[in-house]
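J.:
2 protein chains.
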Amino acid sequence: MKIVFIGAGNLATNLSKALYRAGHEILQVYSRTAESAQMMADLFECSATVSLDDVRTDADMYIFSVKDSVLEQLACTLAARIKDRLFVHTAGSMQMDILPVERRGVLYPMQSFSKTKEVNFREIPVFIEANKNDDLAVLRQLSESISDRVYEMSSDDRKYLHLSAVFCCNFANHCYDLGARVLESHGIPFDVMLPLIDETARKVHTLHPHDAQTGPAVRWDENVMAKQIELLEDERMKQIYRMMSEGIHGMRN
Amino acid sequence: MKIVFIGAGNLATNLSKALYRAGHEILQVYSRTAESAQMMADLFECSATVSLDDVRTDADMYIFSVKDSVLEQLACTLAARIKDRLFVHTAGSMQMDILPVERRGVLYPMQSFSKTKEVNFREIPVFIEANKNDDLAVLRQLSESISDRVYEMSSDDRKYLHLSAVFCCNFANHCYDLGARVLESHGIPFDVMLPLIDETARKVHTLHPHDAQTGPAVRWDENVMAKQIELLEDERMKQIYRMMSEGIHGMRN
Chain A
9 MKIVFIGAGN LATNLSKALY RAGHEILQVY SRTAESAQMM ADLFECSATV
59 SLDDVRTDAD MYIFSVKDSV LEQLACTLAA RIKDRLFVHT AGSMQMDILP
109 VERRGVLYPM QSFSKTKEVN FREIPVFIEA NKNDDLAVLR QLSESISDRV
159 YEMSSDDRKY LHLSAVFCCN FANHCYDLGA RVLESHGIPF DVMLPLIDET
209 ARKVHTLHPH DAQTGPAVRW DENVMAKQIE LLEDERMKQI YRMMSEGIHG
259 MRN
Chain B
9 MKIVFIGAGN LATNLSKALY RAGHEILQVY SRTAESAQMM ADLFECSATV
59 SLDDVRTDAD MYIFSVKDSV LEQLACTLAA RIKDRLFVHT AGSMQMDILP
109 VERRGVLYPM QSFSKTKEVN FREIPVFIEA NKNDDLAVLR QLSESISDRV
159 YEMSSDDRKY LHLSAVFCCN FANHCYDLGA RVLESHGIPF DVMLPLIDET
209 ARKVHTLHPH DAQTGPAVRW DENVMAKQIE LLEDERMKQI YRMMSEGIHG
259 MRN
């Protein structure tokens with residue numbers, strides 16, 4: 009497949025690398041910022057552009073991996089010039105139908121990407137959707153060339169998937185960050201916490217998180233909770249502590 | 009070492025098993041409930057009791073692994089009858105000095121235990137403290153017989169360690185539980201989330217959680233956040249979503 013990437017962020021960088029390794033051709037990279045476009049294009053020795061007018065019209069597929077707020081606008085501008093090509097976006101939280109073309113689809117790799125940390129794409133669940141059956145088959149083949157976990161999922165269900173990911177990944181990581189802040193303000197290195205973090209993640213492979221829950225809030229040990237809230241100096245951290253504890257306790261009643 | 013366990017919960021069960029395997033002798037198990045005491049005692053073919061009066065006086069060490077709120081009372085009652093033995097508790101959030109004996113210490117294995125899921129104790133960080141140098145040496149030797157990560161830590165620092173663990177483990181797990189609830193209410197199996205959960209935990213081995221943070225709250229994508237809050241039916245989940253997002257964003261300014 010000959011592919012043009014619209015966007016050069018973390019997801020675009022990781023996805024394009026995986027596709028390139030699987031033998032697909034990255035024709036061009038568009039990004040609003042010249043530096044990002046060039047940096048990603050350099051990986052594939054292809055052309056980079058910051059101008060939508062210069063986006064090539066001869067690719068098989070256009071993968072939009074941009075901020076949700078600009079997706080529709082970008083797709084609309086390109087659709088005026090590029091006809092009968094498959095437009096695909098990678099956004100977990102956006103409907104497929106935001107793409108204003110007949111041949112449209114979604115390829116959502118559900119993972120938390122960073123540019124510097126390599127991930128094994130084969131283990132990443134990829135959720136696909138397309139407006140036409142032929143394009144769905146194309147997306148399936150493409151996705152299976154990079155991942156062993158390809159699922160078809162509608163835009164409606166995908167919204168909830170993405171919402172769940174915000175809790176399981178973004179919010180869980182924020183908990184790590186708050187924990188790190190507590191340790192560091194008392195000169196204790198964060199890495200003493202890694203075995204516990206790993207086990208907490210490992211545990212939910214075999215136990216439902218509801219059954220895996222431990223801590224003072226499960227027992228509603230008010231003595232411990234009150235003392236811990238007192239140790240926190242930051243007002244927002246106190247509030248988060250209270251609300252999470254009430255959440256843990258509330259789900260048990 | 010000849011050890012009596014006061015308490016037969018998740019931590020006591022896992023710790024006593026590890027000590028037993030390392031060649032120590034579990035002399036007796038006390039628990040408020042006969043069933044728990046017997047179940048744990050059966051593992052070591054030792055005696056079980058629900059009466060403090062029947063606790064043997066000839067052990068080298070008494071390990072208290074009980075609810076924080078009853079620890080002091082239990083230790084006090086036993087201290088009246090058992091003289092010049094090492095009393096140790098396993099509670100991350102309690103001061104060592106709550107134990108009303110001269111020979112006192114703490115052995116805090118920082119991990120989230122469940123009775124059914126086996127953990128590799130060698131990887132668990134164990135934090136120790138003792139009132140007397142001789143007893144600290146005893147505790148160090150005992151701890152090193154079951155774990156490769158033994159650290160000495162004062163009661164004051166341990167409070168913050170435990171507080172951090174509540175964020176990194178208990179609250180992170182609650183995030184998983186909330187994510188599972190979102191998926192399950194739309195017929196999507198929770199296990200699609202496991203690769204993301206694993207990667208989120210793996211990431212903080214090489215990146216500080218602050219730098220590993222991703223998601224709509226980092227970009228402060230109000231459009232996505234408003235839509236996601238709308239998808240949540242539960243009022244508390246909406247509040248948690250808002251507060252965690254503000255926390256993520258607030259730590260960036």
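So the protein lines, in turn, are chains A and B. Counted from 1, the first sequence has number 164 at position 156 by the numbering used here; the numbering is strictly sequential. Counted from 1, the second sequence has number 180 at position 172 by the numbering used here; the numbering is strictly sequential. Virtual Cβ for every residue (Gly too), placed ideally from N, Cα, C.
1. What did DSSP end up calling A:S5 once you bin it into helix, strand or coil?
2. Any idea what DSSP makes of B:L115, helix, strand or coil?
3. At the level of alpha carbons, what is the spacing between B:G187 and B:K10?
4. Please list, in chain order, the residues of the region 55–83 of chain B that have any C-beta partner in chain A closer than 9 Å.
5. Would you mind stating whether B:E264 and B:E152 have Cβ atoms separated by less than 9 Å?
6. What's the C-alpha gap between B:R241 and B:F198?
7. Taking Cβ-Cβ distances shorter than 9 Å, what residues in chain B pair up with A:N178?
8. From this set, A:A67, A:G15, A:Q247 and A:L19, which residue's C-alpha is nearest A:E33's C-alpha?
9. Under 8 Å between beta-carbons, which chain B residues line up against A:N231? List them in chain order, please.
10. Could you check which residue in B:K75, B:I196 and B:G258 has the C-alpha nearest to that of A:L2?
11. Examine chain B for any beta-carbon lying closer than 9 Å to the beta-carbon of A:I14, and answer yes or no.
12. Rounding to the nearest angstrom, what Cα-Cα distance links A:K123 and B:V109 in this structure?
13. Counting contacts by CB-CB distance shorter than 9 Å, is B:G31 in contact with chain A?
14. For B:G187, which residues in chain A fall below 9 Å Cβ to Cβ?
15. If we ignore side chains and look at the alpha-carbon of each, how far apart do A:L86 and A:A56 end up?
16. Pull out every residue of the region 86–120 of chain B whose Cβ sits closer than 7 Å to any Cβ of chain A, in chain order.
17. Indicate whether the contact test is met: 3 or more Cβ pairs, each with one atom in the region 203–213 of chain B and one in the region 223–236 of chain B, closer than 8 Å.
18. Using a cut-off of 8 Å between C-beta atoms, extract the partners of A:I205 located in chain B.
19. Can you pull the chain A residues whose beta carbon is under 8 Å from the beta carbon of B:K246, in chain order?
20. Residues of chain A with CB under 7 Å from B:K167, in chain order?
21. Can you give me the Cβ contacts of B:S120 inside the same chain, cut-off strictly under 7 Å, excluding the 5 residues immediately before and after it?
22. Taking only the alpha-carbon atoms, compute the straight-line gap between B:V232 and A:L35 and give it to the nearest angstrom.
23. Here's the rule: buried if 16 or more other CB atoms are within 10 angstroms of the residue's CB, otherwise exposed. What is B:C2?
24. Using the Cα positions of B:V190 and B:F72, report the straight-line distance between them to the nearest angstrom.
25. Please report the residue range of the beta strand (DSSP E) in which B:M69 lies.
26. Step through the CB atoms of chain A and report whether any lies within less than 9 Å of the CB of B:V190.
27. Count the other C-beta atoms from every protein chain shown that fall within 10 angstroms of the C-beta of A:A99, then say buried if there are 16 or more, exposed otherwise.
28. Note down the Cα distance separating A:M47 from A:Y28, rounded to an integer number of angstroms.
29. With a floor of 4 residues, list each alpha helix (DSSP H) that falls wholly inside the region 195–233 of chain B, ordered by position along the chain.
30. Taking all protein chains shown into account, decide if B:V78 is buried (16 or more other Cβ within 10 angstroms of its Cβ) or exposed.
31. Measuring only the C-alpha atoms, how far is A:V12 from A:R89?
32. Would you call A:A16 buried or exposed, if buried means 16 or more other Cβ atoms sit within 10 Å of its Cβ?
33. Could you give the residue range of the beta strand (DSSP E) that holds A:F52?
34. Name the DSSP beta bridge partners of B:Q2, please?
35. Less than 9 Å separating the beta-carbons of A:H182 and B:G113?
36. With C-beta atoms as the reference, is A:Y184 less than 9 Å away from B:V212?
T.: Here's the rundown:
1. Any answer about residue 5 of chain A is impossible in this case: the structure gives chain A only from 9 up to 261.
2. strand
3. Distance between the alpha carbons of B:G187 and B:K10: 45 Å.
4. K75, D76 and S77
5. The question about residue 264 of chain B has no answer here: the residues shown for chain B are numbered 9 through 261.
6. Reading the sequence as shown, one finds Glu at residue 241 of chain B and not Arg. Cα-Cα distance, rounded: 19 Å.
7. C183, T208, Q221, T222, G223, P224, A225, V226, M252, S253 and I256
8. A:A67
9. D76 and S77
10. Since the first and last residues shown for chain A are 9 and 261, residue 2 of chain A lies out of range.
11. By this cut-off, A:I14 is not an interface position.
12. 55 Å
13. no
14. Ordered by position in chain A, the residues that pass the 9 Å Cβ test against B:G187 are L171, S172, A173, V174, F175, C176, C177, F179, A180 and P217.
15. 16 Å
16. S101, M118, Q119 and S120
17. No contact exists between the region 203–213 of chain B and the region 223–236 of chain B.
18. C176, C177, A180, A209 and V212
19. None at all; the shortest Cβ gap to chain A is about 11 Å.
20. By Cβ distance, chain A contributes L239.
21. C177
22. Between the alpha carbons of B:V232 and A:L35 lies a distance of about 30 Å.
23. Residue 2 of chain B lies beyond the stretch modelled for chain B, which goes from 9 to 261, so this question has no answer here.
24. In a straight line, the C-alpha of B:V190 is about 39 Å away from that of B:F72.
25. M69 to F72
26. yes
27. buried
28. Going from the Cα of A:M47 to the Cα of A:Y28 covers about 15 Å.
29. 202–211, 217–220 and 224–227
30. exposed
31. A:V12 and A:R89 have their alpha carbons spaced roughly 14 Å apart.
32. buried
33. Where A:F52 is concerned, there is no enclosing beta strand (DSSP E), although the alpha helix (DSSP H) it sits in stretches over A42 to F52.
34. No statement about residue 2 of chain B is possible, as the shown extent of chain B runs from 9 to 261 and does not include it.
35. no
36. By the CB criterion at 9 Å, A:Y184 and B:V212 fall inside the cutoff.
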